[in-house]
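A.B. asks:
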Amino acid sequence: MKGVWLILVLILTTTTFGTTYCICTLTTYILFLVGGILAIYYFYEESFNVYINEMGINHAGTEENIYHHLKHIISQKDKETPALNNTDWRLTGSMEVDEQLEAILAFLIRDYFHSWYDKLSNEQELSHEVQLALHKVIVALTNRARELDWLPYLTTELVDDCATHIRLYRQAKHMKLENDSSSLEDLFFDLELKLERNAQCRDQICMDCNQEKYYLQHLAEVVLYLVVPSEEFHCLVLRYLLRDILVNTVLVPIINLLSDPDYVNLTILWLCDDIQIPSDIFLSAVQISDSISELQATNDLLMKEIATLRSKDSGGNDESVIKAQLNSLLYLYQIIQNKIKNANNKIQSRNKLSEDSMVKLPLQFILENNIALSYFIDFLCSIKHQGYIFFYFNIEGWKVSVEQYLNDKKKKDEKRDESIIRESAESIFQQYLGDLSCDNSKEQNSNRLTMIQADCRKQLGQRIQSEVISQHWFDEVHKVLFEILETEFLVRFKADSSYNKMLAELEMLKEDEFVSTESETSSLDYLDLCKEPDTPDCPPAPGGFVYSCPGSPTVTPFDPNDFKLNAEIIETGLVNEKGKSFGIYALAVTKAFRSGEKESWHIYRRYSDFYDLHQRIRDKFTDLGKLTFPAKKTFHNMDRSVLEFRMKMLNEYLEILLHNGLVMSRPGLKSILLNFVEPGEYDKSFNGQVTKTSEDNVPLRIMLRLMNEVFELRSRSQWLRRQLVQILRSVFGDIFNRKILETVEYVTGAQNVATMLLSFRHSFWPHGLKNESFAVRDEAIRDRTKLGARAAILSSLSDEFKHIVGSETSRRGLLLVFSLFQNPVLNKRLVFVILEGILSNLFPKQIQIIRNFHKTSPRVQGNKVETNNGNSR
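According to mature numbering (1 follows the signal peptide of the UniProt record, and there is no 0), the stretch in the sequence shown is residues -18 to -1, 1 to 855, in order.
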């Protein structure tokens, strides 16, 4: 194709300019080129000959010279940059995680090392050593973390740390109401000092930025000492570079970010992104708010939205929808205006309800509602008249047993069942109306039902002794009990403050009767740091359902073996469960530490539990099999006299077993006894060895532990707590089991870790460039975020859970946690506690070196000075 075009060009040129002109032009070009070449040769002939001679002589050594020069260049490059071929750059074993870590390390070296080092030197050896040392730190920490089982920490230590943090905050808020001169943070750290037995306190690292930096440098040096080779650690330049890079570029920014309330609020909104916030919950969040700036910021945005909707309100198909939205916003606007006005006038009126505004609940409703009944029982226990309500429910339980007996009368041994029914009726009669209850010194005020007439008592006793078994034996007494509860105690209950709390739990208060987060705290019961609140010694659970107290003693920082157990049976009684009657024993247990701190709780055990304990001790310690123990009886096990006799002998048996000298001289006995008296149902499969908690029970323990602290279930009646445990076991146990284990696997998964590292990288190096200054969010935006997070966290609980715990209890617990997250100092303390918990699992033998820094706290030193002055006097 090109040849055709060339021929065509020649033909056109020849026909256009002629043959003579073309030949002359071509000749001119050729002569010009030849003349130029001859002129160059004439001027450079001598130099050209010399070059030709040299090429001929050195041609044989050309390849050797090239190799020599290349080798010299490579050796110089090796001197400038050490060989990297022998270094294994794998960090965690996951390509996704390694990719993100490598990018972050590259940015760290670039922005926090080369930014100043390149101005001093062009040598790259130090840069390589810093990068290599950081790799070694990450690899060592990753390998150590991979060897550990993190499930016990996540399900035990972490939960206990968070629960203790919440408890300290609750008590600090309570003390703040009584002592307004001290700040909340000071009161909090005073309580922490007491909790740590005056040995350490984290106040200075949480409240002083310089001390925080010194602490993190101390922590970083300890970690570097443990994971970096000794020759690199003893190089001071390299060690200080690594320490400052880790502290200033990693730890400090992350800790400040996690402790920022605005970041916490954004995280809450992100976690609750899939939860739809109902309008009534959002209105509640607005009404709860006591911050004028928060309300004003919401009001400003609301006014803009109202103006936008009014501009669209011009007819059309969507006119009705727009008007409905506009009316809703105007209603919200009116609520906010009223709140701002009331806040300015300092108007708060929840606990001052008038009689006319209070809902009057009938006794029958209270007896049939679990939440209302728990408050009523608490009130009766507080005035030492709980025997009436328990007598009432024991009668109902006995009636169920009789009904089952009458239905199955023809299928079973009539005489044997008749004797059991009559014995149970006689036992109930003796416990509440007979002479034996009058002689009970421990519970005479609660069990002696003096308001029941003597004629009614006598008539009931005669029926039990002589008449044929009938469901109607207790009808007259049952009716009298109902009248007494209604006329004598219900009236007093409605006049008590606990009745208002009950109405709030049942959501029977008016919408405008909300309380601020600050004023709510006045209703909180003060809880001791190291023991459960005192609970009135109540008889076994009503209705015949008996379960052990689920609440666990407060986890303390003491040596777990440095305590003495004391247990005493304070009462015995008869209960009915599923148509069967049996005796039950209530024990008051105390765990006394050598430091003087105590933990107390109550449990319920059957005779069969004591018998199983005795058999286990006898099998393991043959010499203890000679201890006096009440023998089994085939008949009359439910007689009041038998129960009282067994109670006396079992108390003597426990007193001998729990003697400190006996326990210390027999290894393994303490663990068996502790398993027997621990809160919860008695684990008969326990073999005396300390074993790992099973995965089936761990999620339930987490749930109960957090619920105890967040929702203050420790201050509620044991009856409600037992009912709650049973419901959680049967309904939510398996669900939470799967969810928690799935969450642990998801959080520690390689893909999720890589995602978190990617988020961290984008936050500090957006588009690969250093984020010189983080954008400071406007105060109004922060306030609106806070309001939205409060509404989201209130919407996080389901209606079923609120019906179990109570609406007011769940709302108050969530608001307590939310208000805790709004304090950056306390958030920082929680971050440090979690960081120390992680390090204690990675390096259990060296964690005390890190915690020794807390002993330099001014609070600790001041307490030592006061102690020394007191001793000198």
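By construction, the Cβ of each residue, glycine as well, lies at the ideal position given by its N, Cα and C atoms.
Only a predicted model underlies this, so the values are computations on that prediction, with no experimental measurement involved.
Here's a check: name, in chain order, each residue in its chain whose Cβ is nearer than 7 angstroms to the Cβ of Gln82, leaving out the five neighbours to either side.
C.D. replies: Locating residue 82 in the sequence shown gives position 100, counting from the first residue. Contacts found: Ala736, Leu739, Leu740 and Arg743.
A.B. asks: Run through the DSSP bridge pairs and tell me what Leu569 is partnered with.
C.D. replies: Taking the sequence shown and counting its residues from 1, one reaches residue 569 at position 587. For Leu569, which the question treats as bridged, DSSP gives the partners Ile551 and Ile585.
A.B. asks: Could you spell out where the alpha helix (DSSP H) holding Phe89 opens and where it closes?
C.D. replies: Here residue 89 corresponds to residue number 107 of the sequence shown, with the count starting at 1. Segment Met77 to Ile91, the alpha helix (DSSP H) holding Phe89.
A.B. asks: Could you tell me the alpha carbon to alpha carbon distance between Ile274 and Leu656, rounded to whole angstroms?
C.D. replies: Numbered from 1 along the sequence shown, position 292 holds the residue referred to as residue 274. Numbered from 1 along the sequence shown, position 674 holds the residue referred to as residue 656. Each residue's Cα considered, the two are about 52 angstroms apart.
A.B. asks: May I ask which residues mark the beginning and end of the alpha helix (DSSP H) holding Lys608?
C.D. replies: Mapped onto the sequence shown, residue 608 falls at position 626. Lys608 -> no alpha helix (DSSP H), and no H or E assigned at all.
A.B. asks: Please tell me whether His596 has its Cβ less than 9 angstroms away from any Cβ of chain D.
C.D. replies: Judged by its chain identifiers, the structure shown contains no chain D, having just a single protein chain.
A.B. asks: Check whether the Cβ atoms of Val219 and Ala122 lie closer than 9 angstroms to each other.
C.D. replies: On the sequence shown, residue 219 is found 237 positions in, with the first residue counted as 1. On the sequence shown, residue 122 is found 140 positions in, with the first residue counted as 1. Contact: no.
A.B. asks: Report all residues from its chain with a CB closer than 8 angstroms to the CB of Leu308; omit the five preceding and five following residues, and keep chain order.
C.D. replies: As a working note, residue 308 is residue 326 in the sequence shown. The residues are Ile288, Leu291, Arg292 and Asp295.
A.B. asks: Alpha carbon to alpha carbon, how far is Asn753 from Val119? Give it in angstroms, no decimals.
C.D. replies: Numbered from its first residue, the sequence shown carries residue 119 at position 137. Numbered from its first residue, the sequence shown carries residue 753 at position 771. Cα to Cα, the separation comes out at about 25 angstroms.
A.B. asks: Do you know offhand how far Ala774's Cα is from Ile257's?
C.D. replies: The residue you call residue 774 lines up with position 792 of the sequence shown. The residue you call residue 257 lines up with position 275 of the sequence shown. Roughly 7 angstroms separates the two Cα atoms.
A.B. asks: To which residues of the same chain is Leu198 closer than 6 angstroms at the C-beta, ignoring the five residues directly before and after it?
C.D. replies: Residue numbering aside, residue 198 sits at position 216 when the sequence shown is read from its first letter. The answer, listed in chain order, is Val229 and Leu233.
A.B. asks: Contact between the region 791 to 800 and the region 102 to 113 is defined here as three or more beta-carbon pairs at a separation below 8 angstroms; is this criterion met?
C.D. replies: They do not touch, by the three-pair rule.
A.B. asks: Could you tell me whether the region 431 to 450 touches the region 343 to 363, where touching means 3 or more Cβ pairs closer than 8 angstroms?
C.D. replies: No, the region 431 to 450 is not in contact with the region 343 to 363.
A.B. asks: Please state whether the Cβ-Cβ distance between Leu177 and Ala154 is less than 9 angstroms.
C.D. replies: Here residue 177 is taken as the residue at index 195 of the sequence shown, counted from 1. Here residue 154 is taken as the residue at index 172 of the sequence shown, counted from 1. Not a contact, by the Cβ cut-off of 9 angstroms.
A.B. asks: Let's test the definition: count the other Cβ atoms within 10 Å of the Cβ of Asn834 and tell me whether it reaches 16, buried, or not, exposed.
C.D. replies: For the purposes of this step, residue 834 is identified with residue 852 of the sequence shown, where counting begins at 1. Counting Cβ neighbours within 10 Å, Asn834 comes out exposed, since fewer than 16 surround it.
A.B. asks: Measuring CA to CA, which of Glu213, Lys602 and Asp760 is closest to Gly650?
C.D. replies: Numbered from 1 along the sequence shown, position 668 holds the residue referred to as residue 650. Minimum Cα distance to Gly650 is reached at Lys602.
A.B. asks: Need the endpoints of the alpha helix (DSSP H) that Trp747 sits in, please.
C.D. replies: Numbered from 1 along the sequence shown, position 765 holds the residue referred to as residue 747. It is not in any alpha helix (DSSP H) - Trp747 carries neither H nor E in the DSSP assignment.
A.B. asks: Evaluate Phe171 with the Cβ neighbour count: other Cβ atoms within 10 Å of its Cβ, from every protein chain shown; 16 or more gives buried, anything less gives exposed.
C.D. replies: Here residue 171 refers to the residue found at position 189 of the sequence shown. Result: buried.
A.B. asks: If you run the structure through DSSP and keep just helix, strand and coil, what is Leu130?
C.D. replies: The count along the sequence shown starts at 1 and reaches residue 130 at position 148. Of the three classes helix, strand and coil, the one that applies to Leu130 here is coil, per DSSP.
A.B. asks: I'd like the span of the alpha helix (DSSP H) that includes Gln153, first residue to last.
C.D. replies: As a working note, residue 153 is residue 171 in the sequence shown. Start and end: Leu140 to Glu160.
A.B. asks: Less than 9 angstroms between the beta carbons of Leu175 and Lys158, yes or no?
C.D. replies: Reading the sequence shown from its first residue, position 193 is the one you call residue 175. Reading the sequence shown from its first residue, position 176 is the one you call residue 158. Not a contact, by the Cβ cut-off of 9 angstroms.
A.B. asks: Rounding to the nearest angstrom, what Cα-Cα distance links Glu167 and Val807 in this structure?
C.D. replies: On the sequence shown, residue 167 is found 185 positions in, with the first residue counted as 1. On the sequence shown, residue 807 is found 825 positions in, with the first residue counted as 1. So the alpha carbons of these two residues sit roughly 7 angstroms apart.
A.B. asks: I'd like to know whether the C-beta atoms of Trp747 and Asp226 end up nearer to each other than 9 angstroms.
C.D. replies: By one-based count along the sequence shown, residue 747 stands at place 765. By one-based count along the sequence shown, residue 226 stands at place 244. No; because the gap between Cβ atoms is not below 9 angstroms, this pair is not in contact.
A.B. asks: My output table needs one value for Phe545: the three-state DSSP class, helix, strand or coil.
C.D. replies: Along the sequence shown, one-based indexing puts residue 545 at 563. Of the three classes helix, strand and coil, the one that applies to Phe545 here is strand, per DSSP.
A.B. asks: Using only the alpha-carbon positions, how far apart do Arg126 and Gly819 sit?
C.D. replies: In the sequence shown, counting from the first residue as 1, residue 126 sits at position 144. In the sequence shown, counting from the first residue as 1, residue 819 sits at position 837. The alpha-carbon atoms of Arg126 and Gly819 are separated by roughly 15 angstroms.
A.B. asks: Relative to the alpha-carbon of Ser777, which residue among Arg764, Asp262 and Leu349 has its alpha-carbon at the smallest distance?
C.D. replies: Mapped onto the sequence shown, residue 777 falls at position 795. For Ser777, the nearest C-alpha among the options comes from Asp262.
A.B. asks: Return helix, strand or coil for Lys768, following the three-state DSSP convention.
C.D. replies: Numbered from 1 along the sequence shown, position 786 holds the residue referred to as residue 768. Reduced to three states, the DSSP call for Lys768 is helix.
A.B. asks: With hydrogens ignored, establish whether the beta-carbon of Glu660 is closer than 8 angstroms to any heavy atom of the ligand FAD.
C.D. replies: As for the ligand FAD, it is missing from this structure, which has no ligand bound.
A.B. asks: Quick check: Leu769 and Val268, are their CB atoms within less than 9 angstroms of each other?
C.D. replies: Stepping through the sequence shown from its first residue, residue 769 is reached at position 787. Stepping through the sequence shown from its first residue, residue 268 is reached at position 286. In contact: Leu769 and Val268 (Cβ atoms closer than 9 angstroms).
A.B. asks: May I have the straight-line CA-CA distance separating Glu691 from Pro243, to the nearest angstrom?
C.D. replies: Sequence index remark: in the sequence shown, residue 691 carries index 709 (1-based). Sequence index remark: in the sequence shown, residue 243 carries index 261 (1-based). C-alpha separation (whole angstroms): 21 angstroms.
A.B. asks: Where does Phe575 sit, in a helix, a strand or coil, going by DSSP?
C.D. replies: The count along the sequence shown starts at 1 and reaches residue 575 at position 593. In this structure, Phe575 counts as strand in the three-state DSSP scheme.
A.B. asks: Note down, one range per segment and in chain order, each alpha helix (DSSP H) of at least 4 residues found wholly within the region 748 to 828.
C.D. replies: Runs of the alpha helix (DSSP H) inside the region 748 to 828: 761 to 776, 781 to 787, 789 to 803 and 806 to 824.
A.B. asks: What separation, rounded to the nearest whole angstrom, lies between the Cα atoms of Leu802 and Asn809?
C.D. replies: For the purposes of this step, residue 802 is identified with residue 820 of the sequence shown, where counting begins at 1. For the purposes of this step, residue 809 is identified with residue 827 of the sequence shown, where counting begins at 1. Looking at the two C-alpha atoms, the distance is approximately 8 angstroms.
A.B. asks: In whole angstroms, what is the alpha-carbon distance linking Asn376 and Glu660?
C.D. replies: Mapped onto the sequence shown, residue 376 falls at position 394. Mapped onto the sequence shown, residue 660 falls at position 678. Each residue's Cα considered, the two are about 27 angstroms apart.
A.B. asks: What's the call for Asp765, buried or exposed, on a 16-neighbour Cβ count within 10 Å?
C.D. replies: Position 783 of the sequence shown, counted from the start, is the residue given in the question as residue 765. Burial call: buried.
A.B. asks: If distances are taken between C-alpha atoms only, which option among Trp380, Val624, Ser653 and Phe564 comes closest to Ile595?
C.D. replies: As a first step, residue 595 must be located in the sequence shown, where it is residue number 613. The question names Ile, but residue 595 in the sequence shown is Leu. Ranking the options by Cα distance to Leu595, first place goes to Ser653.
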